[in-house]
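**Student:**
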Amino acid sequence: LIPWCAVPAGILFAVGLYLGLFVAPADFQQGDAYRVLFVHVPAAWMGMLLYILLAFYAAVGCAFNARVSSMMASSLSITGAMFTGLSLVTGSLWGRPTWGTWWVWDARTTSTLILLFLYIGFISLQSAIEDPKRADRAGAVLALVGVVNVPIIYFSVQWWSTLHQGATIRIADETRMAASMLVPLLVMIAACWLYSIAVVLVRLRCLILEREPPGAIAAAK
Amino acid sequence: MSWPGFLFMGGYGFYVWGAYVLTLMAMGGEVLLLLRRLSARSCDIRNTPIRGGTEVRA
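Line by line, the protein sequences give chains A and B.
Residues 1 to 221 in our numbering are what the first sequence spells out, letter by letter.
Residues 1001 to 1058 in our numbering are what the second sequence spells out, letter by letter.
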């Protein structure tokens, strides 16, 4: 499955970057600064979605004592943290020319920062506890408590008056974005999904090799 | 559009290219580190004797 995700991810990244940088026209209000969104939005989406998956796998691992499920949660945490960090940094690079500031304690940005802290907390907690079973259980509790933050991030622009703009891509409603801008964005989101699947599976393989007794794996080969 | 104009990005070049370069570095770095980790673990497995004392050949 890894090559089946990695190769299309590379192709989609190339197509998305070409469409986003060369084909999509400049925005009439934001000019070319909006092109940051072709990396910011996929990163923000992946940060949230990977956390939901992390909580799911951590809960399954904890409830059914499924080691691979807990390892999957650990594997998801690094990529999720990277995407959340990227969404904050690229959001800052977009906010400076459009809002006039690098950072505001806005509901959306603050709740995303909390998501990054949750990821860091999960990773730190797992690496701080030596016994893998206890580490998985402690991580699962944190992941399940923290998953409450994901809907808060998503609905923050509706629940509070925020500087951050509202949802542009809507599932139930009409999307407020020109097709020439929407297509590269969707291509980049698909590329990030495939990239995440490939990277998470490679890390899962590493974790299995590290956690299982080496002699047993060599014998199984 | 000319190349200097493309790189200038209407005056937003620093922000746009900064975001793209950081994303590329983060994702590329993650892939490189993972591949190094995977090859190190695979080497460990190849060099580990099977239970019972038989050596595994690479």
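Glycine included, C-beta positions come from ideal geometry on N, C-alpha and C.
With H, G and I counted as helix, E and B as strand and the rest as coil, what does DSSP make of R1057(B)?
**Tutor:** Note that R1057(B) scores 49 on pLDDT, short of 50, meaning its location in the model is unreliable; the coordinates nonetheless yield the value given after this. Looking at R1057(B) - three-state DSSP - the assignment turns out to be coil, as it is neither helix nor strand.
**Student:** Can you list, in chain order, the residues of its chain whose CB lies under 6 Å from that of A26(A), leaving out five sequence neighbours each side?
**Tutor:** D32
**Student:** When you check each C-beta in the region 98 to 113 of chain A against every C-beta of chain B, which residues fall closer than 8 Å?
**Tutor:** none
**Student:** Residues of chain A with CB under 9 Å from L1022(B), in chain order?
**Tutor:** V39, L86, V89, T90 and L93
**Student:** Within its chain, find whatever has a CB closer than 8 Å to the CB of F1014(B); leave out the 5 residues flanking it on each side and keep chain order.
**Tutor:** none
**Student:** Name the residues in the region 1007 to 1018 of chain B whose C-beta lies less than 7 Å from a C-beta of chain A; which are they?
**Tutor:** M1009, G1010, Y1012, Y1015, V1016 and G1018
**Student:** For W159(A), count neighbouring C-beta atoms within 10 Å of its own C-beta (all shown protein chains included) and say buried if the count is 16 or more, exposed if not.
**Tutor:** With fewer than 16 Cβ atoms within 10 Å of its Cβ, W159(A) is classed as exposed.
**Student:** Considering only residues of the region 60 to 140 of chain A, which uninterrupted alpha helix (DSSP H) runs meet the minimum length of 4 residues and lie entirely inside it, listed in chain order?
**Tutor:** 67 to 99 and 107 to 128
**Student:** So which residues on chain B does C206(A) lean against when the C-beta distance must stay under 8 Å?
**Tutor:** L1034, R1037, L1038 and R1041
**Student:** Could you pull out every residue in the same chain whose Cβ sits closer than 7 Å to the Cβ of F83(A), ignoring the five residues on either side in sequence?
**Tutor:** For F83(A), where only same-chain residues beyond five positions count, the Cβ hits under 7 Å are A43, M46, G47 and L50.
**Student:** Could you give the C-beta distance for L204(A) and M72(A), rounded to a whole number, given that I count them as a contact under 8 Å?
**Tutor:** 6 Å
**Student:** Which bits of chain B does Y195(A) rub up against, with CB to CB less than 7 Å?
**Tutor:** M1027
**Student:** Spell out whether any CB of chain B is found under 7 Å from the CB atom of G10(A).
**Tutor:** no
**Student:** Do A6(A) and A198(A) have their CB atoms nearer than 7 Å?
**Tutor:** yes
**Student:** Note down, in chain order, every chain B residue with its Cβ under 7 Å from the Cβ of M82(A).
**Tutor:** A1026 and E1030
**Student:** Please list, in chain order, all residues of the same chain as V104(A) whose beta carbon is under 6 Å from its beta carbon, the five residues on each side excluded.
**Tutor:** L163
**Student:** Strictly below 9 Å CB to CB, what residues from chain B border V199(A)?
**Tutor:** M1027, E1030, V1031 and L1034
**Student:** Report the option in Y154(A), W102(A), L207(A) and A178(A) whose CA atom is closest to the CA atom of I52(A).
**Tutor:** The option with the nearest alpha carbon to I52(A) is Y154(A).
**Student:** Looking only at C-alpha atoms, which of E210(A), L1(A) and L182(A) sits nearest to V41(A)?
**Tutor:** L182(A)
**Student:** Can you say whether T112(A) is buried or exposed, counting buried as having 16 or more other CB atoms within 10 angstroms of its CB?
**Tutor:** Burial call: buried.
**Student:** Look at the Cβ atom of A14(A), then the Cβ atom of L144(A), and state whether they are nearer than 7 Å.
**Tutor:** no
**Student:** Tell me which residues share the same chain as W102(A) and place their Cβ nearer than 6 Å to its Cβ, disregarding the 5 neighbours each side in the sequence.
**Tutor:** S92 and R96
**Student:** Tell me whether V39(A) is buried or exposed, calling it buried when 16 or more other Cβ atoms sit within 10 Å of its Cβ.
**Tutor:** buried
**Student:** What residues in its chain sit with their C-beta under 6 Å from that of A81(A), if we drop five residues either side in the sequence?
**Tutor:** So the qualifying residues of the chain are Y119.
**Student:** Using only the alpha-carbon positions, how far apart do A1058(B) and S180(A) sit?
**Tutor:** The predicted position of A1058(B) is uncertain, since its pLDDT is 44 and thus under 50; no value can be drawn from it.
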